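Novice: Starting off with a structure, shown below.
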Amino acid sequence: MAGRSRGGADSRCPGCGQPLLTQWVGDTAALRATVTLPPADAHLPYPEALKHRTPNDLVWCLPRLPHRAPRLRWTHGRHPPDCPHQHLTAHKCPPTTLF
0 MAGRSRGGAD
10 SRCPGCGQPL
20 LTQWVGDTAA
30 LRATVTLPPA
40 DAHLPYPEAL
50 KHRTPNDLVW
60 CLPRLPHRAP
70 RLRWTHGRHP
80 PDCPHQHLTA
90 HKCPPTTLF
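With numbering that gives the first Met the number 0 applied, the sequence shown covers 0 to 98.
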């Protein structure tokens with residue numbers, strides 16, 4: 000039986016063209032998360048991500064470690080508010096018009 004890959008798929012959104020990171024997050028009850036991949040030097044604190052989420056969104060923590068691929072982590076009620084990593088919500092295409 001082939002094992003599930005732990006890495007993420009880097010791609011672009013077909014609707015808006017933004018870079019995306021799509022990963023299965025979790026081991027027992029995994030969720031497929033798709034977030035807009037920001038530049039590595041972007042400052043995206045946890046409290047700001049909490050303000051921009053909707054009731055159906057989760058906030059993901061994205062540590063950028065020197066010798067590892069980007070890997071999303073769950074956040075929870077005890078996630079430190081001063082966590083130094085980037086914090087993201089699900090990708091949402093900006094509104095566009097047909098004409």
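Each residue gets a CB set at the ideal place from its N, CA and C atoms; glycine is no exception. Remember, predicted model here, so these are calculated numbers, not experimental data.
Do the segment 8-19 and the segment 44-59 touch if we need at least three Cβ pairs shorter than 8 Å?
Specialist: Short answer: they don't touch.
Novice: Runs of 3 residues minimum, wholly inside the segment 1-66: which ones carry the beta strand (DSSP E) assignment?
Specialist: Segments of the beta strand (DSSP E) lying fully in the segment 1-66: 8-11, 18-24, 30-35 and 59-61.
Novice: Between which residues of its own chain and Ser10 is the CB-CB distance below 8 Å, once the five residues before and five after are set aside?
Specialist: Excluding positions up to five away in sequence, the list reads Pro18, Leu19 and Thr21.
Novice: Using the C-alpha atoms, what's the distance from Arg67 back to His86?
Specialist: His86 and Arg67: Cα-Cα distance of roughly 18 Å.
Novice: Is it the case that the CB of Thr21 approaches a heavy atom of the ligand HEM more closely than 8 Å?
Specialist: The ligand HEM is not among the ligands present in this structure, which contains no ligands whatsoever.
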